[in-house]
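Worksheet: the structure to be examined is printed underneath.
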Amino acid sequence: MAPVTIKPTRIDTAIANEIAQNTNSSLEHAAQAMTWVADEHVMVALAAAGWLCTRLRHPQQRPVADHVLVVSLVTAVLPHVLKSLFDQTRPDRLTVSGHWRGVPYSGRPRDAFPSGHAVHMGALASAADLLPPASRRWARSLAVALSLTRVALLAHWTSDVVAGFTLGIVVERLFRPFTLAKSQRRLEASRVRP
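Okay, so the sequence shown: first residue is 27 according to my numbering, each after it adds one.
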(Lines of atoms letter the chains of each structure in order from A; the text may use other names.)
(Lines give C-alpha, C1' and ligand atoms only; values in the text may rest on other atoms or scores of the structure.)
Protein backbone atom coordinates (compact mmCIF):
# COMPACT_ATOMS: atom_id res chain seq x y z
CA MET A 27 0.00 0.00 0.00
CA ALA A 28 1.47 3.34 -1.05
CA PRO A 29 1.74 5.95 1.68
CA VAL A 30 -0.36 9.07 1.60
CA THR A 31 1.84 12.14 1.19
CA ILE A 32 1.07 15.04 3.50
CA LYS A 33 2.36 18.54 2.75
CA PRO A 34 2.99 21.09 5.51
CA THR A 35 0.64 24.05 5.70
CA ARG A 36 1.80 27.63 5.13
CA ILE A 37 1.57 28.18 8.89
CA ASP A 38 3.72 25.08 9.50
CA THR A 39 6.35 26.38 7.10
CA ALA A 40 6.30 29.90 8.56
CA ILE A 41 6.74 28.58 12.13
CA ALA A 42 9.57 26.21 11.09
CA ASN A 43 11.36 28.99 9.20
CA GLU A 44 11.07 31.32 12.18
CA ILE A 45 12.53 28.66 14.50
CA ALA A 46 15.36 27.85 12.07
CA GLN A 47 16.29 31.56 11.85
CA ASN A 48 16.08 32.32 15.57
CA THR A 49 17.23 29.23 17.48
CA ASN A 50 20.64 28.49 18.98
CA SER A 51 22.59 25.47 20.19
CA SER A 52 21.70 26.00 23.86
CA LEU A 53 17.98 26.14 23.14
CA GLU A 54 18.17 23.08 20.89
CA HIS A 55 20.15 21.08 23.49
CA ALA A 56 17.61 21.99 26.19
CA ALA A 57 14.70 20.97 23.94
CA GLN A 58 16.50 17.74 23.04
CA ALA A 59 16.95 16.86 26.73
CA MET A 60 13.33 17.67 27.54
CA THR A 61 11.91 15.70 24.61
CA TRP A 62 13.30 12.43 25.97
CA VAL A 63 10.74 12.53 28.78
CA ALA A 64 7.97 12.11 26.19
CA ASP A 65 9.73 9.26 24.36
CA GLU A 66 7.67 6.08 24.00
CA HIS A 67 10.27 3.96 25.82
CA VAL A 68 10.30 6.31 28.81
CA MET A 69 6.50 6.60 28.86
CA VAL A 70 5.95 2.83 28.74
CA ALA A 71 8.64 2.27 31.39
CA LEU A 72 7.03 4.85 33.70
CA ALA A 73 3.56 3.37 33.12
CA ALA A 74 4.89 -0.14 33.85
CA ALA A 75 6.64 1.08 37.01
CA GLY A 76 3.41 2.77 38.16
CA TRP A 77 1.45 -0.36 37.36
CA LEU A 78 3.88 -2.49 39.42
CA CYS A 79 3.81 0.00 42.29
CA THR A 80 0.01 -0.21 42.50
CA ARG A 81 0.25 -3.99 42.64
CA LEU A 82 2.64 -3.81 45.58
CA ARG A 83 1.55 -0.77 47.58
CA HIS A 84 -1.60 0.96 46.34
CA PRO A 85 -4.25 -1.59 45.34
CA GLN A 86 -7.00 1.07 45.29
CA GLN A 87 -5.20 2.70 42.34
CA ARG A 88 -4.98 -0.48 40.24
CA PRO A 89 -7.74 0.43 37.75
CA VAL A 90 -6.09 3.76 36.95
CA ALA A 91 -2.68 2.10 36.62
CA ASP A 92 -4.17 -0.57 34.34
CA HIS A 93 -5.71 2.19 32.22
CA VAL A 94 -2.48 4.20 31.98
CA LEU A 95 -0.45 1.12 31.04
CA VAL A 96 -2.89 0.05 28.31
CA VAL A 97 -3.09 3.58 26.88
CA SER A 98 0.71 3.91 27.02
CA LEU A 99 1.16 0.68 25.08
CA VAL A 100 -1.43 1.67 22.46
CA THR A 101 0.07 5.15 22.04
CA ALA A 102 3.52 3.58 21.66
CA VAL A 103 2.37 1.38 18.75
CA LEU A 104 -0.19 3.58 16.98
CA PRO A 105 2.22 6.29 15.69
CA HIS A 106 4.40 3.63 14.05
CA VAL A 107 1.38 2.21 12.25
CA LEU A 108 0.32 5.66 11.08
CA LYS A 109 3.84 6.62 9.98
CA SER A 110 3.80 3.58 7.70
CA LEU A 111 0.64 4.97 6.05
CA PHE A 112 1.59 8.65 5.88
CA ASP A 113 4.63 10.14 4.23
CA GLN A 114 5.81 13.58 5.28
CA THR A 115 9.30 15.08 5.32
CA ARG A 116 10.44 16.39 8.67
CA PRO A 117 11.15 20.14 8.82
CA ASP A 118 14.72 19.52 10.00
CA ARG A 119 15.47 17.95 6.60
CA LEU A 120 14.46 21.15 4.81
CA THR A 121 16.70 23.67 6.59
CA VAL A 122 20.36 24.50 6.28
CA SER A 123 20.42 27.63 8.44
CA GLY A 124 18.71 25.75 11.29
CA HIS A 125 21.49 23.17 11.41
CA TRP A 126 24.06 25.99 11.59
CA ARG A 127 22.20 27.20 14.66
CA GLY A 128 22.10 23.79 16.37
CA VAL A 129 18.98 22.04 15.03
CA PRO A 130 19.70 18.26 15.16
CA TYR A 131 18.41 15.59 12.79
CA SER A 132 15.43 13.65 14.16
CA GLY A 133 14.33 10.11 13.34
CA ARG A 134 13.57 8.90 9.86
CA PRO A 135 13.43 11.71 7.29
CA ARG A 136 9.87 11.03 6.05
CA ASP A 137 8.22 10.09 9.36
CA ALA A 138 6.93 13.49 10.42
CA PHE A 139 3.23 12.64 10.65
CA PRO A 140 2.01 12.24 13.35
CA SER A 141 4.28 13.18 16.24
CA GLY A 142 4.51 10.08 18.43
CA HIS A 143 5.73 12.16 21.36
CA ALA A 144 2.64 14.35 21.05
CA VAL A 145 0.37 11.27 20.91
CA HIS A 146 1.79 10.16 24.28
CA MET A 147 1.45 13.65 25.72
CA GLY A 148 -2.13 14.06 24.49
CA ALA A 149 -3.04 10.81 26.22
CA LEU A 150 -1.28 12.01 29.39
CA ALA A 151 -3.11 15.35 29.30
CA SER A 152 -6.43 13.56 28.85
CA ALA A 153 -5.72 11.00 31.59
CA ALA A 154 -4.90 13.89 33.93
CA ASP A 155 -8.68 14.08 34.53
CA LEU A 156 -8.14 11.14 36.86
CA LEU A 157 -5.81 13.22 39.07
CA PRO A 158 -6.57 15.82 41.76
CA PRO A 159 -6.99 19.38 40.33
CA ALA A 160 -3.48 20.67 41.23
CA SER A 161 -1.79 17.60 39.76
CA ARG A 162 -4.10 17.76 36.76
CA ARG A 163 -2.95 21.29 35.85
CA TRP A 164 0.71 20.36 36.31
CA ALA A 165 0.38 17.21 34.14
CA ARG A 166 -1.39 19.09 31.35
CA SER A 167 1.15 21.93 31.36
CA LEU A 168 3.99 19.41 31.22
CA ALA A 169 2.31 17.52 28.37
CA VAL A 170 1.92 20.68 26.28
CA ALA A 171 5.49 21.86 26.99
CA LEU A 172 6.99 18.49 26.08
CA SER A 173 4.94 18.35 22.88
CA LEU A 174 6.18 21.79 21.86
CA THR A 175 9.80 20.60 22.11
CA ARG A 176 9.13 18.59 18.95
CA VAL A 177 8.32 21.82 17.10
CA ALA A 178 11.33 23.63 18.61
CA LEU A 179 13.63 20.81 17.42
CA LEU A 180 12.07 20.93 13.93
CA ALA A 181 11.40 17.21 14.35
CA HIS A 182 7.75 17.84 13.44
CA TRP A 183 5.58 20.45 11.84
CA THR A 184 3.20 22.21 14.21
CA SER A 185 0.24 20.44 12.58
CA ASP A 186 1.91 17.05 13.26
CA VAL A 187 2.09 17.90 16.94
CA VAL A 188 -1.49 19.19 17.10
CA ALA A 189 -2.74 16.08 15.26
CA GLY A 190 -0.69 13.77 17.48
CA PHE A 191 -1.84 15.48 20.69
CA THR A 192 -5.47 15.27 19.57
CA LEU A 193 -5.05 11.62 18.63
CA GLY A 194 -3.63 10.89 22.09
CA ILE A 195 -6.69 12.47 23.71
CA VAL A 196 -9.02 10.43 21.49
CA VAL A 197 -7.18 7.16 22.26
CA GLU A 198 -7.26 7.78 26.00
CA ARG A 199 -10.98 8.63 25.93
CA LEU A 200 -11.83 5.62 23.74
CA PHE A 201 -10.15 3.21 26.15
CA ARG A 202 -11.67 4.63 29.34
CA PRO A 203 -14.98 2.73 29.12
CA PHE A 204 -13.11 -0.55 28.77
CA THR A 205 -10.25 -0.11 31.22
CA LEU A 206 -12.08 1.84 33.92
CA ALA A 207 -15.61 0.42 33.58
CA LYS A 208 -15.29 -2.09 36.42
CA SER A 209 -13.94 0.48 38.88
CA GLN A 210 -16.56 3.01 37.74
CA ARG A 211 -19.37 0.50 38.45
CA ARG A 212 -17.86 -0.18 41.87
CA LEU A 213 -17.71 3.57 42.61
CA GLU A 214 -21.32 4.08 41.51
CA ALA A 215 -22.45 1.09 43.60
CA SER A 216 -20.73 2.51 46.69
CA ARG A 217 -22.56 5.83 46.19
CA VAL A 218 -25.95 4.05 46.10
CA ARG A 219 -25.38 2.14 49.32
CA PRO A 220 -26.72 3.81 52.49
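Even glycine gets a Cβ: it sits at the ideal position worked out from N, Cα and C.
- Nearest Cα to ALA169 within the set GLY190, LEU104 and SER185: GLY190.
- DSSP places ASP65 in the coil class of the three-state scheme, outside both helix and strand.
- Nearest Cα to PRO158 within the set ASN48, VAL90 and PHE112: VAL90.
- In the assembly as shown, PRO85 is an exposed residue. Its beta-carbon has fewer than 16 other beta-carbons within 10 Å.
- The C-beta distance from HIS182 to ALA138 rounds to 5 Å, short enough to fall under 8 Å.
- In this structure, the straight-line span from the alpha carbon of ALA160 to that of ALA153 is close to 14 Å.
- Taking VAL30 as the centre and dropping the five residues before and after it, the same chain places the C-beta of LEU111, PHE112 and ASP113 closer than 8 Å to its C-beta, in chain order.
- Rounded to whole angstroms, the gap between the alpha carbons of ILE32 and ALA59 is 28 Å.
- By the neighbour-count definition (other C-beta atoms within 10 Å, threshold 16), ILE37 is an exposed residue.
- A residue is called buried once 16 or more other Cβ atoms fall within 10 Å of its Cβ, and HIS55, having fewer, is exposed.
- Restricting attention to VAL96, LEU193 and ALA178, the CA atom closest to the CA of ASN48 is found in ALA178.
- In the DSSP assignment, ASP113 forms a beta bridge with THR31.
- The residues ALA144, MET147, VAL187 and PHE191, in chain order, have a CB closer than 6 Å to that of SER173 in the same chain once the five nearest residues on each side in sequence are set aside.
- Counting along the chain, PRO203 sits inside the alpha helix (DSSP H) bounded by residues 184-205.
- By the Cβ neighbour-count rule, SER141 is buried, with 16 or more other Cβ atoms within 10 Å of its own.
- According to the DSSP assignment, LEU179 belongs to no alpha helix (DSSP H), since it is labelled neither H nor E.
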